[in-house]
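A.B. asks: Residues in the sequence shown are numbered from 70 upward in steps of one, following my numbering.
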Amino acid sequence: MGQLLLLASLAASAIAFLGVPGIPVLALILLAVVLIAAGAFLGARPAGVLIVLLACFIAIIVAPDGMPAIIKAAGGNPLRFFRSYGLWVEISAIALMIVFFVLAAKRRGPSGHHAAMEAAEDIDRVVSGIGKIAAFLFIPMMVIIFYDVTQRKIIEYDSDFIDSGFYLSSTKLQEMEWHLHAVLFMLCLGFAYVKDAHVRIELVRDRLSPRKRVWLELLGIVLFLLPYCIIIGKLGYTFAERAWNTNEISAAQTGLSHRWIIKAVLPFGFVILGAAGIAALLKCWVYLFGPPELQERSGEYAGTHHADLPEDVVSKGPITD
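(1) What residue range is occupied by the uninterrupted alpha helix (DSSP H) comprising Tyr297?
(2) Taking just the CA atoms, how far does Ala174 sit from Phe150?
(3) Based on Cα-Cα distance, which residue from Arg194, Ile299, Arg282 and Lys352 lies nearest to Ile127?
(4) Using only CA atoms, which one of Gly117, Gly71, Pro90 and Ile331 lies nearest to Phe254?
(5) Do you know offhand how far Glu310's Cα is from Trp329's?
(6) Using a Cβ-Cβ cutoff of less than 7 Å, which residues in the same chain neighbour Ile341 once the five nearest sequence positions on both sides are dropped?
(7) I'd like the list of long-range same chain contacts for Asp390, defined as Cβ closer than 6 Å, with 5 residues on each side in sequence excluded.
(8) Note down, in chain order, each residue of its chain lying with its Cβ closer than 7 Å to the Cβ of Ile92, except the 5 sequence neighbours on either side.
(9) Using the three-state DSSP reduction, which class does Leu111 fall into: helix, strand or coil?
(10) For Leu100, which of helix, strand or coil comes out of DSSP?
(11) For the putative contact between Arg274 and Ala371, defined by C-beta atoms under 8 Å, what is the C-beta separation to the nearest angstrom?
(12) Run the CB neighbour count on Ser82, radius 10 Å, all protein chains shown included, and call it buried at 16 or more, exposed below.
(13) For Ala109, which residues in the same chain have their Cβ closer than 6 Å to its Cβ, ignoring the five residues on either side in sequence?
(14) Whole angstroms are fine: how far does the CA of Ala106 sit from the CA of Ala345?
(15) So what's Phe327 in DSSP terms, helix, strand or just coil?
(16) In this structure, how does DSSP classify Met255 when only helix, strand and coil are distinguished?
(17) Rounded to a whole number of angstroms, what is the C-alpha to C-alpha distance between Gly178 and Ala184?
(18) In whole angstroms, what separates the C-alpha of Leu350 from that of Phe205?
(19) Given a threshold of 16 other Cβ atoms within 10 Å of its Cβ, counted over all protein chains shown, does Pro296 qualify as buried or as exposed?
(20) Jot down the residue ranges of each uninterrupted alpha helix (DSSP H) in the stretch 115-158, minimum 4 residues, whole runs only, in chain order.
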């Protein structure tokens, strides 16, 4: 039942985002929040609560008749409001997400730590699924590169081919190559973090004990990863919105149009990376404060990354006097 309420809340957020005439956005968002609270109380998966609540926040901020319209109706300036109080809006949203998550975790059971671990694994599955699907973009990217090189170096001088429907501007092909590369990179950022494939400075980290490694990971997520994802997500949205409003196209005469599509991938990619960071944060929290039976399951960031270290150093850290 809790999952069905979350789906209903997601549908209400989508309707609010699309701006259906005759249906007040604020009423839809309030309905969505009530449904989320009911779903959390009835034992919905905590990860689903976080995702749907984030969708609600995006809907009320981005929707044409959402928060900007409410501020205008109250006689205020939306741009000036967000410049002055944007940080407090974000803090309030994060606090509300934490409250709803804790409620869902307590109702999910058998304990809050088990529910947090379940949420982390759910988020990991979603992020990994997006990354695995995005990885297939490597195939069309290589096909386009092969076709572009072949066309320019081998058959471009054939006048019959140039006049046929198979001939495409090399500029379009090259722009499509870096577009696909950018999408592939952005959608796999979170996947790489889930697989712990990002570069690490291990000179210090691998000399620490397992608990200190996890503390270091936790502090890195809270102080650097999540704030950076929030900042780039906000700026990236503005970047894509400006491209949408101006109908931006390529600077080249024969380039691609609809630049907003590739620019919208930037904030979306950092939302995925932020989700992977939240999953890692939950694992670190469970490892540090959870029951012993969950330590092996949540100890992904407690180990080292050097295969040549002795097993006792990998599991226990270096022995010091």
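C-beta atoms are modelled at their ideal positions from N, C-alpha and C, and glycine is treated no differently. This one's a predicted model, so the numbers in the text were calculated from it and none came from an experiment.
C.D. replies: Short version:
(1) The residue you call residue 297 lines up with position 228 of the sequence shown. Segment Leu295 to Asn314, the alpha helix (DSSP H) holding Tyr297.
(2) Residue mapping note: residue 150 aligns to position 81 of the sequence shown, counting from 1. Residue mapping note: residue 174 aligns to position 105 of the sequence shown, counting from 1. Cα to Cα, Phe150 sits roughly 34 Å from Ala174.
(3) Here residue 127 refers to the residue found at position 58 when the sequence shown is read from its first residue. Closest option to Ile127, Cα to Cα, is Ile299.
(4) By 1-based counting over the sequence shown, the position of residue 254 is 185. Checked all of Gly117, Gly71, Pro90 and Ile331; the closest Cα to Phe254 is Ile331.
(5) Taking the first residue of the sequence shown as 1, we reach residue 310 at position 241. Taking the first residue of the sequence shown as 1, we reach residue 329 at position 260. Roughly 7 Å between the two C-alpha positions.
(6) The sequence position of residue 341 within the sequence shown is 272, counting from 1. Val196, Ile199, Leu256, Leu258 and Gly259, listed in sequence order.
(7) Here residue 390 refers to the residue found at position 321 when the sequence shown is read from its first residue. Reliability fails at Asp390, whose pLDDT of 44 lies under 50, so the model's placement of it is uncertain and the value that follows must be treated cautiously. There are no such residues.
(8) One-based indexing of the sequence shown puts residue 92 at position 23. Taken in chain order, the residues that qualify are Ile84.
(9) The count along the sequence shown starts at 1 and reaches residue 111 at position 42. Reduced to three states, the DSSP call for Leu111 is coil.
(10) Sequence index remark: in the sequence shown, residue 100 carries index 31 (1-based). Leu100 falls in the helix class under three-state DSSP.
(11) Counting from 1 along the sequence shown, the entry for residue 274 is found at position 205. Counting from 1 along the sequence shown, the entry for residue 371 is found at position 302. With a Cβ gap of about 11 Å, Arg274 and Ala371 do not count as contacting.
(12) As a working note, residue 82 is residue 13 in the sequence shown. That one is buried.
(13) Residue numbering aside, residue 109 sits at position 40 when the sequence shown is read from its first letter. Closer than 6 Å at the Cβ level, and outside the excluded window around Ala109, lie Val118, Phe169, Leu172 and Ala173.
(14) The sequence position of residue 345 within the sequence shown is 276, counting from 1. The sequence position of residue 106 within the sequence shown is 37, counting from 1. Rounded to whole angstroms, Ala345 to Ala106 spans 24 Å at the Cα level.
(15) Within the sequence shown, the letter at position 258 stands for residue 327. Correcting the residue type first, residue 327 is His in the shown sequence and not Phe. DSSP places His327 in coil when its eight states are reduced to three.
(16) Here residue 255 refers to the residue found at position 186 when the sequence shown is read from its first residue. Three-state DSSP puts Met255 in a helix.
(17) Reading the sequence shown from its first residue, position 109 is the one you call residue 178. Reading the sequence shown from its first residue, position 115 is the one you call residue 184. In a straight line, the C-alpha of Gly178 is about 6 Å away from that of Ala184.
(18) Here residue 350 corresponds to residue number 281 of the sequence shown, with the count starting at 1. Here residue 205 corresponds to residue number 136 of the sequence shown, with the count starting at 1. Leu350 and Phe205: Cα-Cα distance of roughly 29 Å.
(19) Start at 1 with the first residue of the sequence shown, and residue 296 comes out as number 227. Per the 10 Å Cβ criterion, exposed.
(20) 115-131 and 136-142
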